[in-house]
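J.: In the order they appear, the protein sequences are chains R and B. Take the first sequence: its position 146, counted from the start at 1, is 1497 in our numbering, and no numbers get skipped. Take the second sequence: its position 298, counted from the start at 1, is 301 in our numbering, and no numbers get skipped. Handing you a structure now.
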Amino acid sequence: MLIWVCALHCEAKPVIDYYRLKKSHDARAFDVYHGDDMVCIISGIGKVASAAASAWIAASNPGATSIAWINLGVAGAAEHEIGDMFLLNKVVDADSGQRYYPAPVAASSLAGSACLTLGQPSDNYREDTLFDMEASGFMHAALRFSSAELTQSLKIVSDNRRQQTGKNRQRVSELVQQHIDSIDRQVRALFELKREIAALELAPEAWQQLLSMAHFTQTQKNRLRVLWRYLGNRNFSSESLLGQLAAQKSARSIIQTLEQISFRDSEDL
Amino acid sequence: MVSCVYVESAVRNHPRTEQLLERLHKLPRIEIEHYGEVFNPRSQNFRLQKKNPAIIIAHKNKGQVLAAPEGYGLGGDYNYYFSHMLNCIYDCRYCFLQGMYQSAHQVLFVNYEDFGDQIRQIAALHPGKPVWFYSGYDCDSLANEPMTRFTDYFIPLVAAIDNAWMELRTKSTQVRSMLKMEPVARIVTAFSFSDQFSHSKLENGVPSIAKRIEAMRRLIEAGWPVGLRFDPVVYHRQYQTAFVDLLDQVFAKIDAQKLHSVSLGSFRLTRDHFRKISRLYPEEPLFAQNMHLNNGIISYPLDREQEMIEFCEAQLMKRIPAQSYHPCEWHG
C-alpha cells in the first residue's frame, strides 16, 4: 500500500484526481481517500497533525505488509523559483533538532533538498534549506511503520522572498498539478521497491491453512515460517506442499518433511 | 549504483574528503553531523539499500584499532584489526557484513592519521614481537582503492614499524597502486576465493576468479607476499569437483612455493548474523541448507563439515607446502 499524507486538500487534489481516489465515508478523524493499493489522508497543518494522521492511517491498515509513504506539500524557500519541486533528503525539526534522512530513491531524477520543519509560520528565509510545517512529524511517525527507503517527502516551493502563493488554494493545486508526471514516476519507483519486499512475505491464506494442520509451539512456528517462506519464494506451489503434508500427523513431522524438501532443493544453491 | 554522498560536517574540509568529493561530484551531497544518524537507525532496509547504497564520509572517533576476535589470524600472538571503511562494495550472500549493520551504506573514514597513531602505539606495546594488523574485516581492503587511497597511507606506515605486520584481505583486483611501490615483506595481501559455482551463485559484483588470480600473479611477480583464503567453502552437490577445478585454475598461474600463507574454512556465521541475514534473504538456498548450531555458531553438521574440510585439505596439500597452511579454527 502507498499512503499519501498531505496537510491540505488543495495539495492532495491533483493526486486524488490523477489516481481517481474516492472519499471514504467511514473515516471520521481525518478526510481519507482510497484507491487501488493507495490511500490519501488529509492531516491538517502542522507536524503534530501530520504525525497523528500518519500513525492513524497506518494503524487503520494493519493488514498492509509493506507500506510506502509520500508526504506531499508546499514549502518555503529563499531563492528557489515558485513551483520548483524537491525530494527531501534531510528533514530537521526546528524545535527538537531531531534529524531524519529519507533514503534517496536512486531512480529519481528529482533534485534533493534539506527541509527545516517549523512549529509556526515564518518568513525568515534561509539559503540552504526549504522550510515547512509537517515533514518532521510525518517522518517521525512513518518511520515507525516503514523503512527510510519507502518513506519520501516531496515539497513544491510555494513561497520565496519575492513571492508568496501558499495561501492561494487554487494556485497550490496548480503547482502540484504541473508536476504530476514526475510525481507518478516517483510513485512507480516506490511501488517497485515495495513489491520487492512484499513478494517475500507469506501468502496469508496458505499460511493459515498450514497452521491449522497441527498444534505448533511458538518455536515451531518460527521454524515453520522460515521453511514456508523459503519454499514459497522458490516457487513451490502452496497447494502441492499442503497436499504432501496432508498425511503428517504432528507439528514435528510437518516441519521435518518441509526441512527435507528444503535441504534437497538448497543443495544446488 | 551509488545513490548519494553523506558528509560529516566536521570533516567537510579534510583533504581526503575534498579528494573524495571531487571524484563523487556528480552525486547529491547531504551534510550530516555524525555518520551514526544515517548508518544506525533501525528503520532501514538493508536489502533495498544494498542495490543503491550511499557513501558516508566520516571521522572515526575512537577504537580505530581493536583486538582481533579469538581464532582470527595466522597464529601470531598479537592480532589486531582495523577498518578504514564499514561495509563492502561487493554483495556476497555468505558474508557476515549483511547482518553486522543496519545499513548497507559504505562508510569511509578519512582520519587515517588517528588509525596510524594507534597502530604505532600498539606495536610499541610489544617490542621485538611480531604484531599483526588485519585490514578487511569490516570491509574489503582494496575494493575502493581508487577512492580511498588506503595503500598510499597504510603501507608506508606499517613498513616503517619494524615489528608490525599487516594483512590486506580482498576480493578485488585493485593492485595498481601496490605495484608502483617497493614490496614490503611484512605486508601480505590475502585473496579470498570460492569455487566457480559458489562464485556465480553467491558473490555478486565480485571480479572473476581469473582476474583475481591475475592480480595475485602480478603482486607475486613484483615481490609482494600473497596469501590465499579458501574461505568460506560452501556445500553444494558438486563442491568437490568445483574445488579441485578452482585449485587447478589457481595453481596453473601461481607458484605455490611463493605463497605466504593459505587458509581454509567452511561456511559459518554467528547465530545472530545467520538469523538476521536469512530473514533478509528468505529465498536464499544457502540459508535453507542443513545447518547446525554449535557454540553460538551456525554451520554445517559436524560430519559434513569434517568431510568437506578433510577433502579440501587433502587436495590443497597435494599442491602447497605444509608450512604455509593455516586452517581456520573456530570450534574453540
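We put the CB at the ideal spot given by N, CA and C, even for glycine.
(1) When you compare the CB positions of Asp1622 of chain R and Gly1427 of chain R, do they come within less than 8 Å of one another, or not?
(2) According to the Cβ coordinates, are Glu1362 of chain R and Glu1430 of chain R closer than 8 Å?
(3) Is it buried or exposed, Asp1483 of chain R, if we count other Cβ atoms within 10 angstroms and call 16 or more buried?
(4) At 4 residues or longer, and completely inside the region 1569-1606 of chain R: list those alpha helix (DSSP H) runs for me, N to C.
(5) Under 6 Å Cβ to Cβ from Tyr115 of chain B, same chain only, skipping five residues before and after it: list those, please.
(6) Please classify Pro130 of chain B: is it buried, with 16 or more other beta-carbons within 10 angstroms of its beta-carbon, or exposed?
(7) In the DSSP assignment, the beta strand (DSSP E) including Glu34 of chain B goes from what residue to what residue?
(8) Arg15 of chain B to Phe246 of chain B, Cα distance in whole Å?
(9) So does the region 1563-1570 of chain R actually touch the region 1521-1539 of chain R, counting three or more Cβ pairs closer than 8 Å?
(10) Quick check: is the beta carbon of Lys1572 of chain R nearer than 8 Å to any beta carbon in chain B?
(11) Tell me which residues of the region 238-251 of chain B have at least one Cβ-Cβ distance to chain D shorter than 8 Å, keeping chain order.
(12) Check whether the Cβ of Asn1584 of chain R lies closer than 8 Å to any Cβ atom in chain B.
(13) Candidates B:Phe136, B:Cys91 and B:Val191: which alpha carbon is nearest Arg123 of chain B's?
(14) Counting beta carbon pairs with one atom in the region 31-40 of chain B and one in the region 1590-1606 of chain R, are three or more of them shorter than 8 Å?
(15) I'd like to know whether the C-beta of Ile1507 of chain R is nearer than 8 Å to at least one C-beta of chain B.
(16) Per DSSP, which one or two residues make a beta bridge with Cys7 of chain B?
(17) Got a sec: is the Cβ-Cβ distance from Ile1548 of chain R to anything in chain B below 8 Å?
(18) So what does DSSP say about His1530 of chain R, is it helix, strand or coil?
(19) For Ala1462 of chain R, which of helix, strand or coil comes out of DSSP?
(20) Assign His295 of chain B to one of three DSSP states: helix, strand, or coil.
(21) I need the straight-line Cα distance from Pro159 of chain B to Gln260 of chain B, nearest angstrom please.
(22) Report yes or no: is there a C-beta of chain B within less than 8 Å of the C-beta of Ala1454 of chain R?
(23) If you measure beta-carbon to beta-carbon, which residues of the region 1606-1617 of chain R are closer than 7 Å to chain B?
(24) Residue ranges of each beta strand (DSSP E) run of no fewer than 3 residues wholly in the region 91-156 of chain B, ordered along the chain?
(25) With 8 Å as the limit, tell me which residues of the region 1375-1408 of chain R have their beta carbon closer than that to any beta carbon of chain B; keep them in chain order.
(26) If you measure from the beta carbon of Glu1500 of chain R to each beta carbon in chain B, is any gap under 8 Å?
(27) So is Asp1619 of chain R in contact with chain B if we call contact Cβ pairs under 8 Å?
(28) Answer yes if the region 15-33 of chain B comes into contact with the region 1581-1590 of chain R, meaning at least three C-beta pairs across the two stretches below 8 Å, and no otherwise.
(29) Leaving out five residues on either side along the sequence, give the residues of the same chain with a beta carbon under 6 Å from the beta carbon of Val1538 of chain R.
(30) In this structure, does DSSP put Pro330 of chain B in helix, strand or coil?
T.: If we stick to the structure as given:
(1) With chain R represented from 1352 up to 1620, any question about residue 1622 of chain R goes unanswered, as that position is not in the structure.
(2) no
(3) buried
(4) 1569-1584 and 1589-1596
(5) Tyr156
(6) exposed
(7) Arg32 to Ile35
(8) 47 Å
(9) no
(10) no
(11) Reference to chain D is not applicable here, since the protein chains of this structure are R and B.
(12) yes
(13) B:Phe136
(14) no
(15) no
(16) None; Cys7 of chain B has no bridge partner.
(17) yes
(18) coil
(19) strand
(20) strand
(21) 26 Å
(22) yes
(23) Ser1613, Phe1614, Asp1616 and Ser1617
(24) 109-112 and 134-138
(25) none
(26) yes
(27) yes
(28) no
(29) none
(30) strand
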